Amino acid sequence: MMRQKKVPLRMCVGCQEMKPKKELIRIVRTPESEILIDGSGKKSGRGVYICPQRECLQKALKTNRLEKNLEHAISPEIIERLKVGLGYEHSS
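Start counting the sequence shown at 499; every next residue gets the next number (this note's numbering).
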């Protein structure tokens, strides 16, 4: 009998729902305190996961969950970069 491989679940910092890791986007605070979108999911540092929906980013920002979970203040430039990097809006 073949065993089902366990799907790693992570919680979205926006909607607080557990979802398969592959469906979420990882945002990482590197050891150098840089906030980046981690496309590979392998960068070292403290990571949080977020759904690729605009509402989830807005919720995470409104409730300061992104900052709390990354244990780092997030500047407006980084927020813009996240929005663009996540494909929510084009930087004007």
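Beta carbons: idealized from backbone N, C-alpha and C, even for Gly. All values derive from a computational prediction rather than experimental measurement.
Output the distance between the C-alpha atoms of residue i and residue j, rounded to the nearest integer angstrom.
i, j, result
"residue 541", "residue 567", "16 Å"
"residue 501", "residue 571", "43 Å"
"residue 581", "residue 529", "22 Å"
Enumerate in chain order the residues of its own chain whose CB-to-CB distance from residue i is below 8 Å, with the five nearest sequence positions on each side excluded.
i, result
"residue 569", "527, 544"
"residue 519", "505, 506, 507, 508, 539, 547"
"residue 554", "510, 511, 512, 513, 548"
Rounded to whole angstroms, how far is the Cβ of residue i from the Cβ of residue j, which I believe are closer than 8 Å?
i, j, result
"residue 524", "residue 536", "4 Å"
For residue i, which residues of its own chain have a beta-carbon under 7 Å away from its beta-carbon, when the five flanking residues on both sides are left out?
i, result
"residue 563", "511"
"residue 546", "511, 525, 564, 567, 568"
"residue 579", "none"
On the CB-based measure, 16 or more other CB atoms within 10 Å of its CB, does residue i come out buried or exposed?
i, result
"residue 574", "exposed"
"residue 558", "buried"
Which residues in the same chain have their Cβ closer than 6 Å to the Cβ of residue i, if we skip the five residues on either side of it in sequence?
i, result
"residue 534", "526"
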